[in-house]
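Student: Numbering (this note's numbering), first residue to last: 11 to 464.
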C-alpha cells in the first residue's frame, strides 16, 4: 500500500478515471475536480465508484486538503492549482508515477518495464514490441497508447513484461518511476505550447532515465542530433545506441543490403531478418528500436522475425484506406506535428494532395517546404490553423493551396483534382481538438468520407 490517505485528481480524462476507480476500490478516499460543466463529462461521472467525491464546472480549493494531487497529463505544471499544491508541500504527479509506486510496493522485485517515448513513432513501436513480447510470455501494453497503466496492476506479477508508451507530459514530474529499459526514438519540436521551450521538452523526455541504475538500459537513436547532444543527462544507465543510417560498433545498426538489424554489443551479437509491409524509412527506425528492446529482454530471434513479418501497422499511422479510380487515400491522422508530416511525405514517391491543419501547436510549418516542392501537387487547409499555415506556405509556386475549412470539403476537393496514380494524404501537422475529439476521431471521419466517395 502507498502512504497517501486522500488523493485528489485534477481532470477526468481516461487515465484519471481508471485511477480514481482503482483507488476507491482499494479503500482510498478520492476527490476529483473537473473544469468542464457536469453535462459535458456525464458519461465519465456515470462510471465513477459511488464513494468518489467530485466537483465540476470549475476548481475550488478542496483539492488542497488532499495528501497527494494527480494531474491529467495535459494539465501544465504552471496551472494555478498545481502551483498552490506545490507551495503547500503536497506532491504532484501523473497516473503513471502513482501506478508505478503502487506496483513496486506490491511486487517482490522491480517490475520489468520497457518505457518508450519520442516525438513520433511511439505507438507503432510500442504496438510491435508488445506483439513480440506477447508471443514470448505474459505481457501488458499500456500508457499513452490508450490503456492506463493502473488498469493492469492487479494482473501483473514479477515475471510480467510491461510495455508502456510514455509522453513528455507524463515524464515531467517523475519521482520513482524506473523502467528496466527506457527508449527514446527521436526528438523534434512539439508541444512547445505546453513545455514553453525546446530545452524543457528535451529535459522532460530524458527524465525517463532519472532513476535508472547500472542494471538498466537507455536505448537511443544515434541518428537524432537532439538525443546525441543530450546524453550527458544520463548518469548511470547502460547506453545502447541504434542507427538505420550508419554502422554502430557497440549497439545496433540496420544492414539495408541484407535487410537485417545487426547487433554488436557486450550484451548480444545477433542478426535479425526484417521483412515488413510498413510504409516509410521511419518505420525501419521503429522496427530497429523494437528489435533492440526485444533482444535486451532475451527474446528469441525467431519470435522477433516472425512477429515483424506479420505486423500490419497501427490505425491512423500511414494507414491505407482505399484506392478509388486509381487514387490512393492514406490516413495519417496521428501526424499531429510538422516532423511527423515530413516523415509521411518522405514515405511516398507518387504525387501527393496533402490535407493540413487543425489546432496550431506553436512550431513553424516552413520545414515542410522542401518536401512539398518535391512531391505535393496541392495543399488543402482545414481548421483553426488555416491562416497561420497559409501565411508560411503561400510563397510556394509548385503547388496550389485551397482553404477548405472542413475535412469533408478537403476530401471532396482532393478527389475532384487528383489524377489516377496520385495520393490523397491526411497528415495534418496539427492537433485535432478544434473540430474533433482526438486524432482517432479525425481519422475515422476521414475514412468515412473516403468511403462515401464511391
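For glycine and all other residues, C-beta sits at the position ideal for the given N, C-alpha and C.
For clarity, every value in this text was computed on a predicted model and none was experimentally measured.
Return the chain-ordered list of same chain residues with a C-beta closer than 6 Å to the C-beta of residue 272, the five sequence neighbours on each side being excluded.
Tutor: Along the chain shown, read from residue 1 onward, the residue named residue 272 stands at position 262. For residue 272, same chain residues with a beta-carbon under 6 Å away, outside a window of 5 residues either side, are 263, 265, 281 in chain order.
Student: Does DSSP put residue 316 in a helix, a strand or coil?
Tutor: Here residue 316 refers to the residue found at position 306 of the chain shown. In the three-state DSSP reduction, residue 316 falls in the helix class (H, G or I).
Student: Report all residues from its chain with a CB closer than 7 Å to the CB of residue 246; omit the five preceding and five following residues, and keep chain order.
Tutor: For this step, residue 246 is matched to residue 236 along the chain shown. Counting only Cβ-Cβ distances below 7 Å, and skipping sequence neighbours, we find 222, 223, 224.
Student: What does a CB cutoff of less than 7 Å around residue 375 pick up in its chain, not counting 5 residues either side in sequence?
Tutor: Numbered from its first residue, the chain shown carries residue 375 at position 365. Contacts found: 348, 399, 402, 403, 439.
Student: Would you say the region 339-354 touches the region 300-319, given that touching needs at least three Cβ pairs under 8 Å?
Tutor: no
Student: When you compare the CB of residue 367 with every CB in chain B, is at least one pair closer than 8 Å?
Tutor: Looking for chain B here will not work: only one protein chain is present.
Student: Which residue or residues does DSSP assign as beta-bridge partners of residue 187?
Tutor: By 1-based counting over the chain shown, the position of residue 187 is 177. Answer is none; residue 187 lacks a bridge partner.
Student: Starting from the Cα of residue 227, find the closest Cα among 87, 354, 190, 448 and give me that residue.
Tutor: As a position in the chain shown, residue 227 is number 217, starting the count at 1. The shortest C-alpha to C-alpha distance from residue 227 to any of 87, 354, 190, 448 is the one to 190.
Student: Give the C-beta separation of residue 216 and residue 231 to the nearest angstrom, bearing in mind that I take them to be a contact with Cβ-Cβ under 8 Å.
Tutor: Sequence index remark: in the chain shown, residue 216 carries index 206 (1-based). Sequence index remark: in the chain shown, residue 231 carries index 221 (1-based). That pair is no contact at about 13 Å.
Student: Report buried or exposed for residue 462, applying the criterion of at least 16 other Cβ atoms within 10 angstroms of its Cβ.
Tutor: Counting from one through the chain shown, the residue named residue 462 turns up at place 452. Counting Cβ neighbours within 10 Å, residue 462 comes out exposed, since fewer than 16 surround it.
Student: Run through DSSP, which three-state label would residue 115 get?
Tutor: What you label residue 115 is simply residue 105 of the chain shown in a count that begins at 1. Of the three classes helix, strand and coil, the one that applies to residue 115 here is helix, per DSSP.
Student: Does DSSP put residue 133 in a helix, in a strand, or in coil?
Tutor: Against the chain shown, residue 133 aligns to sequence position 123. For residue 133, the three-state secondary structure derived from DSSP is helix.
Student: Rounded to the nearest angstrom, how far is the Cβ of residue 323 from that of residue 288, given a contact under 8 Å?
Tutor: As a first step, residue 323 is located in the chain shown; it is residue number 313 there, counting from the start. As a first step, residue 288 is located in the chain shown; it is residue number 278 there, counting from the start. Right, their Cβ atoms sit about 5 Å apart.
Student: Can you tell me whether residue 18 is helix, strand or coil according to DSSP?
Tutor: By 1-based counting over the chain shown, the position of residue 18 is 8. Look at residue 18 here: in three-state DSSP terms it is strand.
Student: What three-state label does DSSP hand residue 373 in the structure shown?
Tutor: Position 363 of the chain shown, counted from the first residue, corresponds to residue 373. DSSP places residue 373 in coil when its eight states are reduced to three.
Student: Give me the Cα-Cα distance between residue 421 and residue 327, rounded to the nearest whole angstrom.
Tutor: As a first step, residue 421 is located in the chain shown; it is residue number 411 there, counting from the start. As a first step, residue 327 is located in the chain shown; it is residue number 317 there, counting from the start. Cα to Cα, residue 421 sits roughly 18 Å from residue 327.
Student: Tell me, to the nearest whole angstrom, how far the beta carbon of residue 388 is from that of residue 408; I am working on the premise that it is less than 8 Å.
Tutor: Here residue 388 refers to the residue found at position 378 when the chain shown is read from its first residue. Here residue 408 refers to the residue found at position 398 when the chain shown is read from its first residue. About 10 Å separates the Cβ atoms of residue 388 and residue 408, ruling out a contact at the 8 Å cut-off.
Student: Nearest-angstrom Cα distance between residue 63 and residue 80?
Tutor: On the chain shown, position 53 is the one that residue 63 refers to. On the chain shown, position 70 is the one that residue 80 refers to. The alpha-carbon atoms of residue 63 and residue 80 are separated by roughly 15 Å.
Student: Compare the Cα-Cα distances from residue 254 to each of 233, 45, 108, 24 and report the closest residue.
Tutor: Counting from one through the chain shown, the residue named residue 254 turns up at place 244. Shortest Cα-Cα distance from residue 254 to any of 233, 45, 108, 24 involves 233.
Student: Are the region 51-59 and the region 67-82 touching, with three or more C-beta to C-beta distances below 8 Å?
Tutor: no
Student: Using only the alpha-carbon positions, how far apart do residue 330 and residue 310 sit?
Tutor: Mapped onto the chain shown, residue 330 falls at position 320. Mapped onto the chain shown, residue 310 falls at position 300. So the two alpha carbons sit approximately 31 Å from each other.
Student: Taking 8 Å as the cut-off, decide whether the C-beta atoms of residue 122 and residue 314 are in contact.
Tutor: Translated into positions along the chain shown, residue 122 becomes position 112. Translated into positions along the chain shown, residue 314 becomes position 304. Here residue 122 is not near residue 314, since their CB atoms are 8 Å or more apart.
Student: Between residue 317 and the rest of its own chain, which residues show a CB-CB distance below 8 Å, the 5 nearest in sequence each way excluded?
Tutor: In the chain shown, counting from the first residue as 1, residue 317 sits at position 307. Excluding sequence neighbours, residue 317 sits near 138, 141, 142, 145.
Student: For residue 381 and residue 111, what's the separation of their Cα atoms in angstroms?
Tutor: In the chain shown, counting from the first residue as 1, residue 381 sits at position 371. In the chain shown, counting from the first residue as 1, residue 111 sits at position 101. When rounded, the distance between both Cα atoms is 45 Å.
Student: Could you name the residues of the same chain whose beta carbon sits closer than 6 Å to that of residue 350, not counting the 5 residues immediately before and after it, in chain order?
Tutor: Position 340 of the chain shown, counting from 1, holds the residue named residue 350. Only 130 meet the Cβ criterion.
Student: Indicate whether residue 195 and residue 132 have their beta-carbon atoms separated by less than 8 Å.
Tutor: Residue numbering aside, residue 195 sits at position 185 when the chain shown is read from its first letter. Residue numbering aside, residue 132 sits at position 122 when the chain shown is read from its first letter. With respect to the 8 Å criterion, residue 195 and residue 132 are classified as neighbours on the basis of their beta carbons.
Student: Have a look at residue 459 and residue 116 and give me their C-alpha separation to the nearest angstrom.
Tutor: Along the chain shown, read from residue 1 onward, the residue named residue 459 stands at position 449. Along the chain shown, read from residue 1 onward, the residue named residue 116 stands at position 106. C-alpha separation (whole angstroms): 48 Å.
Student: Measuring CB to CB, does residue 173 end up less than 8 Å from residue 128?
Tutor: Residue 173 sits at position 163 when you count from the first residue of the chain shown. Residue 128 sits at position 118 when you count from the first residue of the chain shown. Not in contact: residue 173 and residue 128 (Cβ atoms no closer than 8 Å).
Student: Just to confirm before moving on: does the CB-CB distance between residue 175 and residue 229 stay below 8 Å?
Tutor: As a first step, residue 175 must be located in the chain shown, where it is residue number 165. As a first step, residue 229 must be located in the chain shown, where it is residue number 219. For residue 175 and residue 229, no; Cβs fall outside 8 Å.
Student: Tell me which residues share the same chain as residue 418 and place their Cβ nearer than 7 Å to its Cβ, disregarding the 5 neighbours each side in the sequence.
Tutor: Position 408 of the chain shown, counted from the first residue, corresponds to residue 418. Excluding positions up to five away in sequence, the list reads 459.
Student: At what residue ranges does the region 333-402 contain a whole run of the beta strand (DSSP E), taking only runs of 3 or more?
Tutor: 337-341, 362-367, 386-392
Student: At the level of alpha carbons, what is the spacing between residue 31 and residue 285?
Tutor: The residue you call residue 31 lines up with position 21 of the chain shown. The residue you call residue 285 lines up with position 275 of the chain shown. Taking the straight line joining both Cα atoms gives about 43 Å.
Student: Under a Cβ-count criterion, where at least 16 other Cβ atoms within 10 Å of its own Cβ denotes burial, should residue 405 be classed as buried or exposed?
Tutor: For the purposes of this step, residue 405 is taken as residue 395 along the chain shown, with counting starting at 1. Burial check for residue 405: the Cβ neighbour count within 10 Å stays below 16, so the residue is exposed.
Student: Run through DSSP, which three-state label would residue 298 get?
Tutor: Residue numbering aside, residue 298 sits at position 288 when the chain shown is read from its first letter. Helix.
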